[in-house]
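Which chain is which? The protein sequence lines are V and Y, in order.
What the first sequence shows, in our numbering, is residues 1 to 197, in sequence order.
What the second sequence shows, in our numbering, is residues 198 to 394, in sequence order.
Shown next, in structure tokens, is the structure this report addresses.
Protein chains: 2
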Amino acid sequence: MEETTRSRIVAAAEALFYAHGLRSVGVDAIAEHAGVTKRTLYYHFKSKDDLIAACLAARDGPTLERYRGWLGDSGPLPDRMRAMFAALAAHADRPKWRGCGFTRAAVELAGQPGHPAVAMAAAHKRRFEAWLAEVLLGEGIADAGLMARQLIILLDGAIAQMLIHRDVAYAAAAGRAAAAIVAAGAAGGTAPSMYTD
Amino acid sequence: MEETTRSRIVAAAEALFYAHGLRSVGVDAIAEHAGVTKRTLYYHFKSKDDLIAACLAARDGPTLERYRGWLGDSGPLPDRMRAMFAALAAHADRPKWRGCGFTRAAVELAGQPGHPAVAMAAAHKRRFEAWLAEVLLGEGIADAGLMARQLIILLDGAIAQMLIHRDVAYAAAAGRAAAAIVAAGAAGGTAPSMYTD
DNA sequence: GTCTATACACAGATAGAC
DNA sequence: GTCTATCTGTGTATAGAC
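If you want it as structure tokens, here you go:
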């Protein structure tokens with residue numbers, strides 16, 4: 001991974017956007033932190049919106065890999081779910097933590113549904129949900145699609161509450177719910193009664 | 198509820214902030230929509246941040262009342278939960294819907310933890326969670342505190358996903374999880390095995 | 001590809017008259 | 001309490017030299 005000018009700009013922008021939000025950060029500050037001038041920044045990116053989208057694109061893979069590591073690949077699924085939420089809690093228990101950058105971008109740009117960064121955020125969440133469904137399917141769970149949705153809802157919901165209250169206890173509550181959901185799904189067999197109404 | 202100048206300003210600000218976000222909206226636009234000048238706005242509010250906090254304060258009660266109505270007060274609890282999430286889905290299925298204003302404010306101001314609006318958002322969520330716990334306790338559920346947390350996590354998580362994907366189907370998935378959780382809690386009696394690890 | 005310098009709009013907030 | 005007029009900083013983006 002070579003240290004190109006472009007990558008330095010993206011890295012600086014990522015850090016500032018995550019710390020202070022999208023609209024709070026000006027391109028002047030980004031250029032300064034990257035050690036370039038504004039003109040150079042606008043040589044590599046056609047607009048600030050373009051740069052924002054590039055930042056999210058750069059975090060897509062790494063974020064997914066991080067959660068893969070947290071979930072692990074061995075042991076009973078309910079335990080793995082609790083472990084994932086526990087790792088999330090530990091991760092969130094740092095002063096510089098500010099929630100999920102994708103969700104935050106989508107929220108801050110909620111007034112501009114056509115924004116490229118919103119599309120990037122949606123694509124990331126879609127990939128995340130697909131990964132969860134794949135894992136559940138591998139465990140022989142029938143309603144993997146629905147359950148994957150419920151899990152990502154619990155994840156994003158817990159992250160939101162942790163951000164609002166600055167209390168990581170919400171992750172544990174969500175982890176328990178997640179463990180209960182996958183346990184019920186696995187125990188119920190092909191069509192768990194809990195999820196059919 | 199008399200139509201004071203102050204209330205007109207708050208109403209205009211609410212609408213604009215909800216539609217476009219906090220930082221995207223300038224005080225000029227708010228004053229114009231309220232039919233007053235900027236100077237009058239600054240007579241009633243000492244700063245834009247102050248006005249933001251006032252907007253959230255004005256939505257606290259009405260928001261809670263809306264959810265009270267959606268949950269209802271009769272019938273089996275799992276059905277009421279599904280009904281609440283179904284009502285949320287119907288509410289979210291409108292072009293002008295932009296998610297939860299409290300969560301959005303907390304997210305957009307994540308870089309300023311001391312902001313009065315962030316405190317307001319946290320207070321609202323705390324009240325919401327307390328209301329849920331009260332309802333669950335009234336139904337004789339033992340772990341009402343934990344379960345209320347899991348429910349508000351499901352609500353905010355579903356809202357976030359609906360906002361990102363513009364797909365109200367997430368509310369139904371969350372509603373099923375909520376129904377399963379309260380059903381398991383009620384069936385399990387004083388200490389449901391699902392929630393003790 | 002990177003620089004200096006700048007255009008131009010708009011931000012939040014205030015002075016002082018009435 | 002509400003107005004007109006304005007101050008000052010900052011926003012994104014660009015012109016043109018090297």
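Yeah, the Cβ is synthetic: ideal placement off N, Cα and C, and Gly gets one too.
If you compare alpha carbons, which of the options is closest to residue i?
i      : options                        : result
Y/V233 : Y/D246, Y/R346, Y/I206, Y/F282 : Y/I206
V/F17  : Y/V304, Y/G337, Y/H312, Y/K293 : Y/V304
Y/A216 : Y/R295, Y/A280, Y/R203         : Y/R295
V/A57  : V/R39, V/P116, V/L88           : V/P116
Y/F325 : Y/A283, Y/G342, Y/G337, Y/A231 : Y/G342
Y/A368 : V/A183, V/R149, V/I159         : V/R149
V/A34  : V/V25, V/R6, V/D60             : V/R6
Y/R263 : Y/W328, Y/V222, Y/D225, Y/E336 : Y/W328
V/K96  : Y/K293, Y/V332, Y/P310         : Y/P310
In the structure shown, what three-state DSSP assignment does residue i receive?
i      : result
Y/I338 : coil
Y/A251 : helix
Y/G372 : helix
V/S7   : helix
V/P62  : helix
Y/G223 : coil
Y/L306 : coil
Y/V379 : helix
V/T40  : helix
Y/E211 : helix
V/P192 : Below a pLDDT of 50, predicted positions are generally treated as unreliable, and V/P192, at 44, falls in that range; no measurement from the model is reported.
Y/G232 : coil
Using beta-carbon positions only, say whether residue i and residue j come within less than 8 Å of one another.
i      : j      : result
V/A13  : V/L51  : yes
V/L154 : Y/L351 : yes
V/L88  : Y/A307 : no
Y/D353 : V/A160 : yes
V/A53  : V/M120 : yes
V/D79  : V/V168 : no
V/R82  : V/G175 : yes
V/L105 : V/L41  : Reading off the sequence, residue 105 of chain V comes out as Ala, not Leu. No. Outside cutoff.
Y/A381 : V/A180 : yes
V/F102 : V/A158 : no
V/H91  : Y/K322 : no
Y/V224 : Y/K245 : yes
Y/V151 : Y/M344 : Summary: the structure shown does not reach residue 151 of chain Y, with chain Y confined to residues 198 through 394, and so no result is reported for it.
Y/A319 : Y/L348 : no
Is residue i a contact residue of the ligand SAH, with contact defined as CB to any heavy atom under 7 Å?
i      : result
Y/G372 : The model depicted lacks the ligand SAH and carries no ligand whatsoever.
As an exercise, report each continuous alpha helix (DSSP H) stretch of at least 4 residues that is fully enclosed by the segment 64 to 102 of chain V, in chain order.
Counting only runs of 4 or more, we get 77 to 92.
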